[in-house]
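Residues in the sequence shown are numbered from 27 upward in steps of one, following the working numbering.
Ideal Cβ placement from N, Cα and C applies to all residues, glycine included.
Step one of this worksheet: look at the structure below.
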Amino acid sequence: MEDLYRDQIIDHYQNPRNHGTLEHPDISYEEDNPVCGDHIRIDLKVDNGIVTDARFAGHGCSISQASASMLTEDIIGKSLEVVRQIGKEHVLEMLGIPLGPVRMKCALLALKVLKAGAYGLQGWPGDEEEE
Ligand code: FES
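Written out as C-alpha cells, the structure reads:
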C-alpha cells in the first residue's frame, strides 16, 4: 500500500499540478523551511470566499513539492472557511507514508505557507500539540 503512495508522491514531484504563479493573486505568501532553506510560494485567487485558483512555486525535496502540488489541487473550489480547517493530519493522510520529524517539516511547509498567507498564522501546523 505504501508503494502506491510513494508512486503518487513521485508523480506529483515530477508532474506538479498548479505549478507557477498567478498574475494578480488575491493572496500570496512565501516562506522557507528553516531546516534546509527550501522555499515555497503559494498564490490564491479568491472569489466570494471560494478559492478559484491556486499555484505554487519554489524549490525543495520531493515530499515538500508533492505536498504543495496535492494541497493546491485539494483546495481549488473550496471555501476559505473549509481551507482554514485543513490540518496537519489531512496533509499527512494525502501523502500516506510515515515521516520522521525532519521530513515532517518538508511535508508541512506548503500548509504553513497556505495558512500563514491566508490567516497570518505563523506557527508550524501541529506544533502546538507536540510541545
Ligand atoms: Fe527541504 Fe524537504 S529537504 S523541504
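Item	Value
Alpha-carbon to alpha-carbon, LEU30 and ALA136	22 Å
C-alpha gap between TYR39 and THR47, whole angstroms	17 Å
Identity of the residues DSSP links to SER54 by a beta bridge	ASP69
Inter-residue Cα distance where the pair is PHE82 and ASP100	13 Å
Rounded C-alpha distance that separates VAL72 from ARG32	32 Å
Check: SER93 C-beta below 6 Å from any heavy atom of the ligand FES	no
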